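Colleague: Numbering (our numbering), first residue to last: 794 to 1154. By construction, the Cβ of each residue, glycine as well, lies at the ideal position given by its N, Cα and C atoms. Since we're looking at a predicted model, the values are computed, not measured.
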Ligand SMILES: *Cc1c(COP(=O)(O)O)cnc(C)c1O
């Protein structure tokens, strides 16, 4: 069977080094906020080209921490794409802010920059861009809008570690960025993990304190914080895998290119990219009117696929107040999208097999 993502194979490439590092952590007996956390934060900040990286417990917390640190709360609005993964929106509502949904561009699946300005009110505090499926958002217009209306740009970079827009990587395209290191992400740990990146010294200090009970100095609490930390084992694992991230992303690009050049089936619409470097292909999402049929057919041919995502946020029961709203582009995406297997450990034979089977559909 061709797995959607063979995580065991992904991580076994690092087995020896990870074994050594976990053993050293056990020997030393220091589990939180230690040398591995510090090392990884430094290395990931350098990788993204920013001054600060603050490790935290997961990607949702990373976004939550940014919004808290800015002090946004009830009455404040944050603009966010309507077709994002629910976590982007949860981070906004968790702080009592109002998520304002904007339709995506049908070609990039990212927020449609032309539809943002009409949603800006005097309550708008920030635009949350989501680099969905691994493609960096085209930021030019969004930078202009943020400047014009004095808004913060928060990036949700959970799917796009390493993607580049105009010479800068995600994590360095807005005022602050949240990353997830969930095992299946392009850079993943072996449990939950996340981080915030920013060039803003004040924000960085505040995020670090809020993630640590609101405390800069032990037992002195400046903010009503919470507890969200990246533990030493996860940090050591991430620091082992980080040097391989660019190679892994390159392999994903090659697979994507092969798919895009060789899948020739009029029933299937292939994803596009405006620039090869902008996309790290966390997800290779095709569109097909007979999506469920196609998925079943691939399953019968031993090819695992996933749907990112089957239900749009505004149709979720958790957001009943939005259930009657209409976002046609978002709905079309959710009804037709299917994610093909893509990962750095897929063999050429597997990639070729996927193409062959799809072309026979
Ligand atoms: C994975 C993901 C998150 C949440 O990250 P967790 O570490 O799972 O909390 C947020 N936004 C997007 C777009 C994601 O894909």
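Using the C-alpha atoms, what's the distance from residue 1133 back to residue 1143?
Modeller: One C-alpha to the other measures close to 12 Å.
Colleague: Near residue 891, what residues of its chain come up, given a Cβ to Cβ distance below 6 Å and the 5 sequence neighbours on each side ignored?
Modeller: Taken in chain order, the residues that qualify are 870.
Colleague: Run through the stretch 873 to 931 for me and flag every whole alpha helix (DSSP H) of 4 or more residues, listed as ranges in chain order.
Modeller: Runs of the alpha helix (DSSP H) inside the stretch 873 to 931: 879 to 887.
Colleague: Taking C-beta to C-beta, are residue 1154 and residue 1058 nearer than 8 Å?
Modeller: Yes. Within cutoff.
Colleague: Going by Cα to Cα distance, which pick from 1086, 829, 1024, 1040 is closest to residue 1138?
Modeller: Residue 1040 is the option with its Cα nearest to residue 1138.
Colleague: Strictly closer than 6 Å from CB to any heavy atom of ligand 1: give me those residues in the order they appear in the chain.
Modeller: Here the list is 851, 852, 853, 877, 878, 880, 881, 923, 949, 951, 952, 973, 975, 985, 987.
Colleague: Buried or exposed: which applies to residue 823, given that a residue is buried once 16 or more other Cβ atoms fall within 10 Å of its Cβ?
Modeller: It is exposed - the Cβ of residue 823 has fewer than 16 other Cβ atoms within 10 Å.
Colleague: Taking 7 Å as the cut-off, is the C-beta of residue 917 nearer than that to any heavy atom in ligand 3?
Modeller: Of the ligands one can find in the structure shown, namely ligand 1, none is ligand 3.
Colleague: Pick helix, strand or coil for residue 1079, following the three-state DSSP scheme.
Modeller: In the structure shown, residue 1079 sits in a strand (DSSP, three-state: E or B).
Colleague: Classify residue 813 as helix, strand or coil using the three-state DSSP reduction.
Modeller: DSSP places residue 813 in helix when its eight states are reduced to three.
Colleague: Considering only DSSP beta bridges, list what residue 989 is partnered with.
Modeller: DSSP, once it has assigned bridges, lists 847, 971 as partnering residue 989.
Colleague: Confirm, please, whether the CB-CB distance from residue 1097 to residue 796 is below 8 Å.
Modeller: Cβ atoms of residue 796 and residue 1097: closer than 8 Å.
Colleague: Can you tell me which of 1080, 859, 866, 1050 puts its alpha carbon nearest to the alpha carbon of residue 1066?
Modeller: That would be 1050, whose Cα lies nearest to the Cα of residue 1066.
Colleague: In this structure, does DSSP put residue 1008 in helix, strand or coil?
Modeller: The answer is strand: DSSP assigns residue 1008 an E or B state.
Colleague: Could you tell me how far apart the beta carbons of residue 838 and residue 849 are, in whole angstroms, since I believe they sit closer than 8 Å?
Modeller: No, residue 838 and residue 849 are not in contact; Cβ-Cβ is about 14 Å, not under 8 Å.
Colleague: How is residue 962 classed by DSSP in three states: helix, strand or coil?
Modeller: Three-state DSSP puts residue 962 in a strand.
Colleague: Do you know offhand how far residue 932's Cα is from residue 855's?
Modeller: Straight-line Cα distance between these residues: approximately 21 Å.
Colleague: What are the start and end residues of the beta strand (DSSP E) that includes residue 1092?
Modeller: Run containing residue 1092: none in the beta strand (DSSP E); it sits in the alpha helix (DSSP H), 1084 to 1093.
Colleague: According to DSSP, is residue 943 part of a helix, a strand, or is it coil?
Modeller: Note: residue 943 maps to coil in three-state DSSP.
Colleague: Just the Cα atoms here: how many angstroms apart are residue 889 and residue 857?
Modeller: About 11 Å.
Colleague: Out of 844, 842, 887, 799, point me to the one whose CA is closest to residue 860's CA.
Modeller: It is 887.
Colleague: Beta-carbon separation of residue 825 and residue 1025 under 8 Å?
Modeller: Closer than 8 Å, so yes.
Colleague: With DSSP run on the structure shown, which of helix, strand or coil describes residue 1059?
Modeller: Note: residue 1059 maps to coil in three-state DSSP.
Colleague: From the DSSP output, read off the bridge partner residues of residue 1132.
Modeller: DSSP output for residue 1132 lists 1078, 1099 as bridge partner(s).
Colleague: Look at the alpha carbon of residue 1062 and the alpha carbon of residue 1007, and state the distance between them as a whole number of angstroms.
Modeller: Near 48 Å, if we compare the C-alpha coordinates of residue 1007 and residue 1062.
Colleague: Flag this pair as touching only if the stretch 896 to 913 and the stretch 976 to 986 have three or more C-beta atom pairs under 8 Å; answer yes or no.
Modeller: Cβ pair count under 8 Å is below three, so no.
Colleague: Does the count of Cβ pairs from the stretch 919 to 936 and the stretch 945 to 953 closer than 8 Å reach three?
Modeller: Because the criterion of three Cβ pairs below 8 Å is met, the stretch 919 to 936 and the stretch 945 to 953 touch.
Colleague: Mark residue 805 as exposed unless 16 or more other C-beta atoms lie within 10 angstroms of its C-beta, in which case mark it buried.
Modeller: Label assigned to residue 805: exposed.
Colleague: What does a CB cutoff of less than 8 Å around residue 1103 pick up in its chain, not counting 5 residues either side in sequence?
Modeller: For residue 1103, where only same-chain residues beyond five positions count, the Cβ hits under 8 Å are 1127.
Colleague: Who are the Cβ neighbours of residue 1107 in its own chain at under 8 Å, not counting the five residues just before and after it?
Modeller: Only 875, 894, 1115, 1116, 1118, 1120, 1123 meet the Cβ criterion.
Colleague: In whole angstroms, give me the CA-to-CA distance for residue 1070 and residue 1046.
Modeller: C-alpha separation (whole angstroms): 9 Å.
Colleague: In the DSSP output, which residue or residues are listed as bridge partners for residue 1014?
Modeller: In the DSSP output, where bridge partners are listed per residue, residue 1014 has 1008.
Colleague: May I ask you to list the residues that DSSP assigns as paired with residue 1024?
Modeller: Note: residue 1024 sits in a beta bridge opposite 825.
Colleague: I'd like the list of long-range same chain contacts for residue 1147, defined as Cβ closer than 7 Å, with 5 residues on each side in sequence excluded.
Modeller: If we look at residue 1147 and ignore the five residues flanking it on each side, its Cβ neighbours are 795, 1096, 1133, 1134.
Colleague: Go ahead and pull the three-state DSSP assignment for residue 1153.
Modeller: DSSP places residue 1153 in coil when its eight states are reduced to three.
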